[in-house]
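Heads up: the sequence lines are chains S and B, in that order.
Residue numbers for the first sequence follow my numbering, beginning at 10 and rising by one.
Residue numbers for the second sequence follow my numbering, beginning at 31 and rising by one.
I have placed the structure first, in the form of structure tokens, so that the comments after it can refer back to it.
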Amino acid sequence: MSSMSLDRAFYLSSILLAGAAFSSLALTADVPTWLLALGGVAYVVCLAQIVAGTQSRPWLAALRLSPVTWNILLLTAFASFWIDLLWISQELLSAGIRFLIVLMINKLFNLQQRRDFLHLYAISLMAVLASASLTTQVWYAPVFLAYLFAGIWTLLLYHLTKEREDAATGTSHLVRDTAQDLGRITSRFFWTTNGMAVCAVCLTLSIFFIIPRVGIGLLQKDRGESLRTTGFSERVDLGVMGSIKQDPSIVMRVELPDSEIPQGNFYLRGMAYDHYNGRSWSTHLSTRRPLNEKPQGTFTIRTSGSHLSKKWSPEIRQDIVLEPLDTPVLFGAPGAVSITGELIGVQSDAMGALFLPFPASNRTEYTIRSRSSILDSQEQSATLLPYPEFIRQHYLQLPPLSQQVAELTHSVVQDGHTPYEMIALVKHHLLTTYRYSLDLEVTQSNKPVEDFLFIRKTGYCEHYATAMILMLRSIGIPSRLVTGFLASEWNEFGNYYTVRQRDAHAWVEVYFPRSGWITFDPTPPVVQAETNRWWQSVEGLVDSVRLRWDRAFIQYSATDQLAVLQGVREGSDALRNALSESLASRLGPLIDRLRTASTTMAAVDVKQAAFMSVLMMTGLLLLTAILLKKPWKNSHEEKRASAQQMFAVRVYGQMTDCLTAHGIRKSAHETPAEFVRHVEREWAAGSSCVRKLTDLYCRLRFGQHPLTSEDVSVAQQLLHQLQDLG
Amino acid sequence: MWRISSTFLSRLFRHRSLLFTSEGLRFLIFTLAVGVAAVNTGNNLFYLLLAMMLSLVVMSGLLSEICLRRLEFRRQLPDYIFANTPVPVSLLVINRKRYLPSFSLRFFEVVDGLDTDHKLSVAHVAPCSSILVTYSLVARHRGIYRLTGLRAATPFPFGLFQKKTLIPLDATITVCPELTPLPAALSHVLAALGQEQGLIRRGPGMALYNLREYQPGDDSRAIHWRTTARTSKLMVKETEAEDQQRVTIFLSLFSPKSDEGNFEHAVSLAASLLTLFHQRNYFIQAVIGDDTFSFATGEDHYTEILRSLALCRSWEPLTSEALGQTVHDPTPSSEDSMRIAIFPWADLAVKERFSDADCIITISGSKHVVYESRSRVLP
Numbered sequence: 010m011s012s013m014s015l016d017r018a019f020y021l022s023s024i025l026l027a028g029a030a031f032s033s034l035a036l037t038a039d040v041p042t043w044l045l046a047l048g049g050v051a052y053v054v055c056l057a058q059i060v061a062g063t064q065s066r067p068w069l070a071a072l073r074l075s076p077v078t079w080n081i082l083l084l085t086a087f088a089s090f091w092i093d094l095l096w097i098s099q100e101l102l103s104a105g106i107r108f109l110i111v112l113m114i115n116k117l118f119n120l121q122q123r124r125d126f127l128h129l130y131a132i133s134l135m136a137v138l139a140s141a142s143l144t145t146q147v148w149y150a151p152v153f154l155a156y157l158f159a160g161i162w163t164l165l166l167y168h169l170t171k172e173r174e175d176a177a178t179g180t181s182h183l184v185r186d187t188a189q190d191l192g193r194i195t196s197r198f199f200w201t202t203n204g205m206a207v208c209a210v211c212l213t214l215s216i217f218f219i220i221p222r223v224g225i226g227l228l229q230k231d232r233g234e235s236l237r238t239t240g241f242s243e244r245v246d247l248g249v250m251g252s253i254k255q256d257p258s259i260v261m262r263v264e265l266p267d268s269e270i271p272q273g274n275f276y277l278r279g280m281a282y283d284h285y286n287g288r289s290w291s292t293h294l295s296t297r298r299p300l301n302e303k304p305q306g307t308f309t310i311r312t313s314g315s316h317l318s319k320k321w322s323p324e325i326r327q328d329i330v331l332e333p334l335d336t337p338v339l340f341g342a343p344g345a346v347s348i349t350g351e352l353i354g355v356q357s358d359a360m361g362a363l364f365l366p367f368p369a370s371n372r373t374e375y376t377i378r379s380r381s382s383i384l385d386s387q388e389q390s391a392t393l394l395p396y397p398e399f400i401r402q403h404y405l406q407l408p409p410l411s412q413q414v415a416e417l418t419h420s421v422v423q424d425g426h427t428p429y430e431m432i433a434l435v436k437h438h439l440l441t442t443y444r445y446s447l448d449l450e451v452t453q454s455n456k457p458v459e460d461f462l463f464i465r466k467t468g469y470c471e472h473y474a475t476a477m478i479l480m481l482r483s484i485g486i487p488s489r490l491v492t493g494f495l496a497s498e499w500n501e502f503g504n505y506y507t508v509r510q511r512d513a514h515a516w517v518e519v520y521f522p523r524s525g526w527i528t529f530d531p532t533p534p535v536v537q538a539e540t541n542r543w544w545q546s547v548e549g550l551v552d553s554v555r556l557r558w559d560r561a562f563i564q565y566s567a568t569d570q571l572a573v574l575q576g577v578r579e580g581s582d583a584l585r586n587a588l589s590e591s592l593a594s595r596l597g598p599l600i601d602r603l604r605t606a607s608t609t610m611a612a613v614d615v616k617q618a619a620f621m622s623v624l625m626m627t628g629l630l631l632l633t634a635i636l637l638k639k640p641w642k643n644s645h646e647e648k649r650a651s652a653q654q655m656f657a658v659r660v661y662g663q664m665t666d667c668l669t670a671h672g673i674r675k676s677a678h679e680t681p682a683e684f685v686r687h688v689e690r691e692w693a694a695g696s697s698c699v700r701k702l703t704d705l706y707c708r709l710r711f712g713q714h715p716l717t718s719e720d721v722s723v724a725q726q727l728l729h730q731l732q733d734l735g
Numbered sequence: 031m032w033r034i035s036s037t038f039l040s041r042l043f044r045h046r047s048l049l050f051t052s053e054g055l056r057f058l059i060f061t062l063a064v065g066v067a068a069v070n071t072g073n074n075l076f077y078l079l080l081a082m083m084l085s086l087v088v089m090s091g092l093l094s095e096i097c098l099r100r101l102e103f104r105r106q107l108p109d110y111i112f113a114n115t116p117v118p119v120s121l122l123v124i125n126r127k128r129y130l131p132s133f134s135l136r137f138f139e140v141v142d143g144l145d146t147d148h149k150l151s152v153a154h155v156a157p158c159s160s161i162l163v164t165y166s167l168v169a170r171h172r173g174i175y176r177l178t179g180l181r182a183a184t185p186f187p188f189g190l191f192q193k194k195t196l197i198p199l200d201a202t203i204t205v206c207p208e209l210t211p212l213p214a215a216l217s218h219v220l221a222a223l224g225q226e227q228g229l230i231r232r233g234p235g236m237a238l239y240n241l242r243e244y245q246p247g248d249d250s251r252a253i254h255w256r257t258t259a260r261t262s263k264l265m266v267k268e269t270e271a272e273d274q275q276r277v278t279i280f281l282s283l284f285s286p287k288s289d290e291g292n293f294e295h296a297v298s299l300a301a302s303l304l305t306l307f308h309q310r311n312y313f314i315q316a317v318i319g320d321d322t323f324s325f326a327t328g329e330d331h332y333t334e335i336l337r338s339l340a341l342c343r344s345w346e347p348l349t350s351e352a353l354g355q356t357v358h359d360p361t362p363s364s365e366d367s368m369r370i371a372i373f374p375w376a377d378l379a380v381k382e383r384f385s386d387a388d389c390i391i392t393i394s395g396s397k398h399v400v401y402e403s404r405s406r407v408l409p
């Protein structure tokens, strides 16, 4: 870019600006490949023109189409736009984007006058706007930055080249300091302009975060498609989770701002099921009730059995960013206590599942606080547990099972004396006896659990959990199936769990009269396939950046602004308190002394006190006057003035030296004007130069005339003339 | 303290004005459109684009303000100029900023509150440096040309709008009447009169005029001893008069308001004659209305008379009685000088008083000039 002419740099920046806009469209919109290729060719040609310069003119002339041809092409494109709008895509945005690209290509090949450039800028702005309406992806950030940088360069160069053009056409009389000619891009110009662009970025971000967020939503369109997931409907067939167990799509991100990474498995509970008919699970307690919103934005969940349980795990706060799913279920760690967020409403069923009124079409952010039950030690060792009728009715239900299951259960639990021991034995049996596998043949078995337990002996979480529930229910221990996610992927860059579709999981909750529902997971841990650690880190970093982009920009709302304001206010209050405390601690002794002094001063002579007051006031006034007058500024100006005077003295000294060499000596008593007359008498030829030099000397030395570059060159010229004459 | 506070206040409320360029207006329209789209949809990326456009506007304001700050101006004007004659004016622009340059400066002279565009612009003024700008100034009418200030403007950096600031740089120039070439007929008259004036006569000087016998009362220093020795009579030397060419220019200010054109023509003619005689080193006496300038020569005397011509205003014609009280010819008839009287209006009563003038110039309707010499009337 250095030593490039302004015109060339202007052309290049305009192309780059349009290129940034074009790339945003290419990455966002569904643009036909041929149109993208055509656009790419146009850019390559334009860039080649800049790089090759005049050498490219012959072959570019060969490529150039006549204006008539371009007009025909544009009319054809316009007609195609209408056809596209009315019959093909039937979407204004899609059809408009394609037409916009055609316009851009046309302008790239016909950049001749100023207004052509302005048209190109308008088209590029519309392109960037169109892509902003279609995407929320993080790649928009670098494209936007590139557009902003190119925009700064382009606007600046447009103005500077226009100025030169006006001067060339005589519209204005442009005076240029030839020593500082801006005809080329110097390194200083390059870095200054980039500095301006950086300032523009900072200013843009500041304004972005300050602008009040208002969304009238007259023409708002729901963006994004929901992620299809399974296992969270009112009826779940056994084995449906297998279809999503290989899907790496991100379902949610879970931050634990107040806690460390939990040791052990971190479950995110979705729905629970109580009724199994031999092939599918369903819930007979699906009636949902809305939760109270108190305070504003916070929904409190009344946990069942909480009054009986005495032990709780520490409360875990989870900040969850949930992708739009095709289910209204809200996920969180077991034992949800409250949920906070910009939610229209929250509902809950009798089994503790949380729901939105309807599936969200946009990403949902909420905070959920959970406190799971801890098994009471007495219940752990109790041999008999009394279950309420309600629990027995719903959670001991069994489908028609083969005798084998009961026999297997009894053989597994024969060594157990307490319900807890029996549960542990069943869990251990399942963990150690069966093999985890997602590779299952699609069967139409009527008894998938029996197949799992006795025939295949392989399965995945649903099979394990269902088998455990059936075995426990067969020995009178109430339990239920819970579906959700098992978070295992910790993103160290963003400090959150990345939960994917493949993390969908099913486990068991067993009922204890005092402790409530306790989680048991009979599924053996899955051995993760070896992945490239480096690639995993990169993925984690990219996902973290994506999340921050979504949080900071895409999802930024009025609530966030209020939160920032509140944070600023709290911060300023905290700072103020800290400052006042610090001042109090430092000035405390002084204040005490003043107090002491004031009490003693009451006995002191009034005249003395008045004198001290006057002295202090005088000191304050003096300080104020010094600050207003700024004598250090004058001294600096004096230093600058003295440099000017030094120049004048130097020039005059050179002149007198030259005259001395010619035989004309200046006497000490002669004033400069007298000396001029002296020279006129003795050396008429040199008197003109001497007069002018003396005049300049007097103006610079004694007058207010500032030293200009013209003065310097004039002085040098006159000295040379004088020397030549001598 | 009061001076400090007034300076502080003037800096605080420094006058700035903004004028949107055509590109700026389009940019503003686009910004509004993006703003409406952002508010309507609530799309944060639209807000981001809106923030970008607003940041460009803010940056334009900040950078243009930096460009206009700490600029000093020194204007070099001549003491007087002539109407309809371009004169070079130099304007020194000094950038007092230590680190920051100023770009794309444009200047407008403010005359009686109105900006006058001389198409002056400076591309770049480096920090702590200056640049000299020269331009032509033309005043259309005589009188006082008041420059109330200088307006500096800059569209830097993006050309979206032009920020202007008014610098109080008062200046006053006296605009003298327009100098016009003298008509050929008048030139002939003046030439003839000049010949009479040019006759050799006795007077103070260096050149020999005559040798004659000494008479009582003669200056003894004028005795020419060589001739005295030769003739054995006391002889004195008479010298030829030097710089004895004199002219009196009388300009009558009587002219009805409806004949303003004739009056201006008369004033212009008076100024042209004045200039002609000044260039020929005449001793000039001028009577302009009731302003009288005694015989003198030199640049200062010339300038003084020009100023009077620049500022003179026409008088409504008076009655003969009132006329007598106001019009007087200070030149005694015995004084040896050429006398030229100029009348913008053919008033016989006034002209009668100058009937013995060597040349009477009357401006009648449609600037028709009539020249009359002592001996004859010239066409």
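Built from N, CA and C at the ideal position, the CB exists for glycine as well.
Sequence-distant residues of its chain with Cβ nearer than 6 Å to residue i (five each side left out)
| i | result |
| --- | --- |
| S/D93 | A104 |
| S/E264 | D328, Y505 |
| B/L167 | V117, V119 |
| S/S9 | In this structure chain S extends from 10 to 735, so residue 9 of chain S is not present and cannot be described. |
| S/H316 | In this prediction, S/H316 scores a pLDDT of 49, lower than 50, which makes its location untrustworthy; the coordinate-derived value is nonetheless stated afterwards. Result list for S/H316: empty, nothing under 6 Å. |
| S/L339 | L363 |
Whole-angstrom distance between residue j and residue i, CA atom to CA atom
| i | j | result |
| --- | --- | --- |
| S/A86 | S/W96 | 15 Å |
| S/A188 | S/T665 | Unreliable placement is indicated for S/A188, whose pLDDT of 44 sits below 50; the coordinate value is still reported in the next sentence. Their Cα atoms are separated by approximately 30 Å. |
| S/A176 | S/Q122 | 16 Å |
| S/T376 | S/G306 | 10 Å |
| B/F186 | B/K194 | 11 Å |
| S/V623 | S/L631 | 12 Å |
| B/K267 | B/I253 | 6 Å |
| S/D720 | B/L299 | 41 Å |
For residue i, the three-state DSSP class (helix, strand or coil)
| i | result |
| --- | --- |
| S/M13 | strand |
| B/Q208 | Correcting the residue identity first, residue 208 of chain B is Glu in this sequence and not Gln. Looking at B/E208 - three-state DSSP - the assignment turns out to be coil, as it is neither helix nor strand. |
| B/R319 | Looking at the sequence shown, residue 319 of chain B is not Arg but Gly. Three-state DSSP puts B/G319 in coil, outside helix and strand. |
| S/N500 | strand |
| S/L393 | coil |
| S/H437 | helix |
| B/I390 | strand |
| S/Y130 | helix |
CB-CB length for residue i against residue j, believed under 8 Å
| i | j | result |
| --- | --- | --- |
| S/D424 | S/S524 | Their Cβ separation, rounded to whole angstroms, is 23 Å, which puts S/D424 and S/S524 out of contact at 8 Å. |
| B/T257 | B/L238 | Actually they do not touch by this definition, with Cβ atoms about 11 Å apart. |
Cβ-based neighbour list, residue i, same chain, cut-off 7 Å, excluding 5 preceding and 5 following
| i | result |
| --- | --- |
| S/A27 | M113, L117, L129, S133 |
| S/L439 | Y473, A476, M477, P531 |
Cut-off 8 Å between Cβ atoms - residues of its own chain near residue i, not counting five sequence neighbours on either side
| i | result |
| --- | --- |
| S/S696 | V685, V688, E689 |
| S/S22 | A159, W162, T163, L166 |
Residue i: CB within 7 Å of a non-hydrogen atom of the ligand GTP
| i | result |
| --- | --- |
| S/I114 | Summarising the ligand content, the structure contains no ligands, and the ligand GTP is consequently not present. |
Write down every uninterrupted run of the alpha helix (DSSP H) in the region 674 to 702 of chain S whose length is 4 residues or greater and which is fully enclosed by it, in chain order. 681 to 691
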